[in-house]
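Trainee:
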Amino acid sequence: MIKKRNFVSLKPQFEESEDDESFNGENDSENDSDDSSESDEEEDYSITGNGNALSNKRKFQSNEADSDDEDENYSDEHENDSTQKAKKVKVTPTTIDELKRLEETENLYHSNMFRMQIEELLKEVKCQQKVNQYIQVWVEKLNKHLKSLKKGAEMTFPEVIKSPIAYPLITKVQDLAKTVFQFHPPEKDAEISGSQKYGTNIGEILNVDVVITIPFVVFHKEDYLNQRFFHKKAFYLQCIAEKLSQQKFIKEIKFNYFKNDLLRPVLEVTPDSDEFKLKFIIHCIADEKTFKLSRFHPCTNNVRSYLALSEEELLCPTPNYNSKILMDLVYMKNQDYMNEMLENHQGIRDAIILLKIWARQRHFDEGFYPFNGYLITLYICYLLKMEKIYPVMSSYQIIRLFWFNLSKSEWNKAGPMLCPLISDQKRPNLSEFHENFDLVFLDCTGFLNVCANMSLDLYERVKSESARAIQCLDSKSVDSFQYLFMRKLPPYLQYDQILTIKNYNIITKTIEDYAKLEDKLNFCDNWYPLMRKIIIPVLKKGLGNRVEFFTPISYTIQPWSVNEPHYFKVLFSIGLILNPSEAYQIVDKGPQANEPESKEFRAFWGEKSELRRFKDGSITESCVWCKMEDPAGEKRLICKKICYYLLKRHFNIPEITMHYLAEQFDIAIRTKGSKENDTGESRALNALQTFDKLSKEMRNISSLPLAINTVLGIDSVFRYCDLEAPFPKGKTFKFGEINGIMASKSMTAVFQLSSSGKWPDDIVALRKLKTAFSLQIAQALRSNSTNNVVQVYEDFMYVLTEGFVYKLILVHPKEVHLLRETLAKNKITKLYKDNEQSIALEKQGLMLPKLTSSLHGLHCQYTSFGPAVNIAKRWLYSQMIDNYLWPEECTELIMSFLYLNQNLIQPSMQPQTAFFRFLSYLAYTDFVTEMIVVNFHGTLENDELKALDKRFTSDRVSLPPLCIITSCDYKKYSIWSKKAPSKEILRRVQNIAQNSIQLIEEDLLILSSKKIKPIFTPNFFGYNVIIELLDSVLVPSYTIPVERFTSPNNEFSEKKLQAVDFNAAQLYLSELRKKYDDYALFFYDPCEGTQICVLWKPYSYEKPKVEEGKKKKSLKKLSKVKEKLDLETIIQSFEVIGKGLVTKVEVLSDKLQK
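Numbered according to our numbering, the sequence shown spans residues 102 to 1255.
The following block contains the structure:
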């Protein structure tokens, strides 16, 4: 759960905080209060890496810096005030307007906070009055210029295309030899239309629709045939562009395609104004009396077959072509209808604005005839007409009813109608529309289907998101406003996998070879809808139930200069949301061999189809895509194999011309020598299976006074979240008289004995008894199996079995109880209070097993969870952020939060998509005002969630910067992030995440290993010292190095194993942090750790300056550094402490000389 306390802007921007606290290794409340008063004196020393440091100031910080000073000095400054009488506070009675507002909030809104957030958002995005005035003045200038235009000469088409202004249409021309083009000045004034007209325009750059009506005389009576209508429109737009190109009130003119339709060019005009961010979209439309509406019946043909160079005469219906002409003819009628419905209804207009924001954040309003504000407004009008909503409703009620009705709608079966139900012989009936279109939504005239060119798959996706929006509103555990209106969800965050065909020649050849003649005539060689109609049915049939949503992704075409021909980048993309229960099926079973459907199955699948006999005795046609023993990463790419195979078989599209966004980031967690697409789950599974055997063996020991009740793993490998899950290569060694165990790492587990009241009350005696039990357990394990190697130490024991090493720790709840025990001042009364030792033991023995069990179950439910966490860990490690600076549990819990909150977005079946969501969440979340509540199994009730929320609001200053609470430990309140990360490390990670997303978005659809490598490459700018380590003594890492991402080597070069849990680099790093944590921060990459980077804390090289009146605690803290430190001596000690490990110490910063 995330709670939002205040409104944030539509496009989150992070800026440097002016009151940053100094770096300290921990984040307890005392340190927070100590540092806050010094913020003005201390300089910023965040690392300037992949961008500016991130820190988003919020309301909670406004008085934070002074709050502790006031409390500390209260007794000194106000000593005499306690004797004075308290002043009487004048209480203003609640007014009638305030009572009315409270009643409205209770009846019409989700909550008071939700209402305030909506109001603030609307204030920010609404068009200001001075902007509206400027728009009106500009349109008057435009009309004044249009009135001065004169009639042009008659021209042929070859003369038209020789004009200095580029011709905006690029469709094939076959029927314009005898067509005459002549410009006539507009007879009507240009009008503002669209969302600007009825007050729902939004955007950082406002797009203002302006309509110029083409005079009736420009068209001939049969210009609706064979695309002549669209060429006349393009010619008229070309003339308008030429007339406006030299005007002073215009800064720039460009062409673009309205809704990405190649038959509907428009002008994008940038006014000569630096004060307002505006663009005027000029549409040239035909007069409504130009043609009869009945000519454009969906069953009528208006494009002759000879236009497609066909020898046969084919008079097939052209419903999509007809609808595009109708859009012009009924445009103003629909605009007037919407304006009339929305006039003087501010609540409805506010709802439309909110819904447009919702659609824009999900990119539903982009591309070829999207689900945009126009459709939203029309559907609102339909709900008003059907009395599903009323003008007196609040914007919250309207958007809720909009989502509810849309989620239950069936536009593909019974489309909505804005026209009257009175039958008209000239008007087509609803059934005729459904026969010719996938979706039907009739306008106010009854002739135009406004969804004629919209994709059915996009509509299904919007329906799904509408249902999810209702769930989000109903959820008590999430801030619905933040996720509905503030968070951007671009396609790479929505879809598990994205298929892209990136070669325009292949696209045109596919259309030429496989598109039907009637479709070519209907869509007029517009490549996008033709590809959509050719490709998607075949892929849908092949993928079947493996995919829940199969949505075409159309990206907005960028405008181009009117003086240049248009060359645009063509990409045909499809987003796939996988079905968790069916996506990884390795066999597609078809009909039995003797059934007639088997012939069709073989024809569809070709050589991939084969007869197979199954365990139930059936013999069927089948397609096998993977082997049972293949790694999980390979099975996640079954849909990729199917898509590639079908496109090659049915359309001869080579694999090299396609790009499949799915597994590119898996390279970060692959190991040397592993199979391709192996993401490590099999190694973790082997370790867990061996541990289960050991656990069973321990529980069966009968020679102990107390039986072993539970044996629980707490290592990250038991959660499938170990980036380097061990190989079974552990073995014993002998050095002199010492016997030891060699392994890359051990896996920690805890076990408990059955209850007994005879455990001693002395902590030392209890621990000695634990060691005695461990010795007996070790003896029993050795006697049970000769394969078990057990070594017992005072606090734990190592068990080597089947090549894996487990570190077993005996825990008892009484030990935690004894550690809490202290004596009162009278030395008699016993008090019980948490301390660092008791919390650490409780965390290890009680909380971590619960957390491990919950995360293990989450991975079993969503098998992409573990690999997604490991990619996130590798990304953090690559940026020199290790588990000391950012605990691995924080990474796991943030990822689990994203998986568990299904009201926000469906959990991804692909680790890469989950990692993208992790980056986005880190980059654009304000953790000052948001807490993360991971509610496993819904354990926390609403009352408990409210209590957590209340405490977070009241005690935010004393809580850690990253506040994570789980249902396993909620009473300890953010125990996992209490010590780390600090505020500066959190800001650093957010900074890197934001810049990583920018790198991903640059070339998302052709993302390659060359683009991935920079995301995992650290930036060493800003560090003061770099310590080089000797590679030969470091613990071997099996992950593929970053420099090999572009050409991974699968050869496994086994390095010499070391004594288990001996890590020279980590021991050296721990020693440095222990000695110099007050003066420096140390950064290290555990995967490729040949360097340790050092960053001095500001007060380590400057004399402290403390003004009078500052806190005593600040003086105490800075007493350690009263004199300027000898940093040169400290740097020399780095080499002395690391003798034999350190090869070089390099000083990068000149701050030593300051």
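Just so you know, even glycine gets a beta-carbon here, dropped at the ideal spot from N, CA and C.
Should E711 go down as buried or exposed, given a rule of 16 or more other Cβ atoms within 10 Å for buried?
Mentor: So E711 counts as exposed.
Trainee: Under 7 Å Cβ to Cβ from I1098, same chain only, skipping five residues before and after it: list those, please.
Mentor: Correct list, in chain order: L1020, S1021 and A1024.
Trainee: Taking the Cβ atom as the reference point for each residue, do G831 and S845 lie within a distance shorter than 9 Å?
Mentor: Yes, the Cβ-Cβ distance between G831 and S845 is below 9 Å.
Trainee: How would you label R621, buried or exposed, when you count the other beta carbons within 10 angstroms and need 16 or more for buried?
Mentor: It is worth fixing the name first, because residue 621 is Lys in this sequence and not Arg. It counts as buried.
Trainee: In the DSSP output, what is D863 paired with across the bridge?
Mentor: The partner list for D863 (beta bridge, DSSP) is empty, contrary to what the question assumes.
Trainee: Any idea if K1217 is buried or exposed, counting beta-carbon neighbours within 10 angstroms, 16 or more meaning buried?
Mentor: At K1217 the pLDDT is 47, less than 50, meaning the model places this residue with poor confidence; the figure from the coordinates comes in the next sentence. Exposed, because fewer than 16 other Cβ atoms sit within 10 Å of the Cβ of K1217.
Trainee: Specify the secondary structure class of M555 as computed by DSSP and reduced to three states.
Mentor: If DSSP states are grouped into helix, strand and coil, M555 belongs with coil.
Trainee: Assuming V818 and M843 make a contact with CB atoms under 8 Å, what is their CB distance in whole Å?
Mentor: Actually they do not touch by this definition, with Cβ atoms about 18 Å apart.
Trainee: Report the residue from L1182, L882 and P372 whose alpha carbon sits nearest the alpha carbon of N801.
Mentor: The candidate whose alpha carbon is nearest that of N801 is L882.
Trainee: Pick helix, strand or coil for D823, following the three-state DSSP scheme.
Mentor: D823 falls in the coil class under three-state DSSP.
Trainee: Does the beta-carbon of D437 have 16 or more other beta-carbons within 10 angstroms, so that it is buried, or is it exposed?
Mentor: Result: exposed.
Trainee: Taking only runs of the beta strand (DSSP E) that begin and end inside the stretch 717-784, which ones reach a length of at least 3 residues, in chain order?
Mentor: The stretch 717-784 contains these whole beta strand (DSSP E) runs: 720-725 and 759-762.
Trainee: Among T1140, P1119, S576 and C385, whose alpha-carbon lies nearest the alpha-carbon of I293?
Mentor: Nearest C-alpha to I293: C385.
Trainee: Please classify H957: is it buried, with 16 or more other beta-carbons within 10 angstroms of its beta-carbon, or exposed?
Mentor: Answer is buried; the Cβ neighbour count reaches 16.
Trainee: What's the call for I815, buried or exposed, on a 16-neighbour Cβ count within 10 Å?
Mentor: Result: buried.
Trainee: Which of helix, strand or coil does DSSP assign to G967?
Mentor: Reduced to three states, the DSSP call for G967 is helix.
Trainee: Taking DSSP as the reference, what is the three-state secondary structure of W661?
Mentor: DSSP places W661 in strand when its eight states are reduced to three.
Trainee: Just the C-alpha distance for E561 and L456, rounded to the nearest angstrom, thanks.
Mentor: Those two C-alpha atoms are separated by around 17 Å.
Trainee: Quick one: what's got a C-beta closer than 7 Å to F624's C-beta in the same chain, skipping five residues either side?
Mentor: Contacts found: N421, P630 and L631.
Trainee: Ends of the alpha helix (DSSP H) at Y615?
Mentor: Where Y615 is concerned, the enclosing alpha helix (DSSP H) stretches over Y605 to Y615.
Trainee: Compare the C-alpha of I599 against each of N664, E511 and K741 and name the closest.
Mentor: Considering only alpha carbons, the answer is K741.
Trainee: Just to confirm, are C744 and L590 a CB contact at a threshold of 9 Å?
Mentor: No, Cβ-Cβ distance for C744 and L590 is not below 9 Å.
Trainee: Check whether the stretch 1031-1050 touches the stretch 753-770, taking contact to mean three or more Cβ pairs, one atom from each stretch, closer than 8 Å.
Mentor: With the cut-off at 8 Å, the stretch 1031-1050 and the stretch 753-770 do not touch.
Trainee: What's the call for T1244, buried or exposed, on a 16-neighbour Cβ count within 10 Å?
Mentor: That one is exposed.
Trainee: Where Q686 and P592 are concerned, what is the direct C-alpha to C-alpha distance, given to the nearest angstrom?
Mentor: Using only the alpha carbons, I get a separation of about 25 Å.
Trainee: Between K298, Y268, C340 and K322, which lies nearest to P287 when the distance is taken from Cα to Cα?
Mentor: It is C340.
Trainee: Which residues in the same chain have their Cβ closer than 6 Å to the Cβ of L901, if we skip the five residues on either side of it in sequence?
Mentor: Excluding sequence neighbours, L901 sits near G831, I842 and V890.
Trainee: Who are the Cβ neighbours of L1242 in its own chain at under 8 Å, not counting the five residues just before and after it?
Mentor: Cβ within range, chain order: L1130, L1131, V1134, A1165, A1166 and Y1169.
Trainee: Which complete beta strand (DSSP E) runs does the stretch 254-329 hold, if anything under 3 residues is left out?
Mentor: Here the runs fully enclosed are 292-294 and 307-315.
Trainee: Can you give the beta carbon distance from Y584 to L1005, rounded, assuming they're within the 8 Å contact cut?
Mentor: Contact flag correct, Cβ pair sits at about 5 Å.
Trainee: Using CA coordinates, which residue listed in E698, Q218, E777 and K915 is at the minimum distance from E735?
Mentor: The option with the nearest alpha carbon to E735 is E777.
Trainee: From V1248 to D1227, what does the alpha carbon distance come to, in whole angstroms?
Mentor: Rounded to whole angstroms, V1248 to D1227 spans 14 Å at the Cα level.
Trainee: Inspect the beta-carbon positions of P1077 and I1086 and report whether they are closer than 9 Å.
Mentor: The sequence shown places Trp at residue 1077, not Pro. Going by C-beta atoms, W1077 is not nearer than 9 Å to I1086.
Trainee: Which of the three DSSP states is assigned to Q1192 in this structure?
Mentor: Three-state DSSP puts Q1192 in a strand.
Trainee: So if DSSP puts E225 in a beta bridge, which residue, or which two residues, is it bridged to?
Mentor: According to DSSP, which records beta bridges pairwise, E225 is partnered with nothing at all.
Trainee: Is it the case that the stretch 564-577 contacts the stretch 658-670, given that we only count it when at least three CB pairs across the two stretches are under 8 Å?
Mentor: Result no; under three Cβ-Cβ pairs closer than 8 Å.
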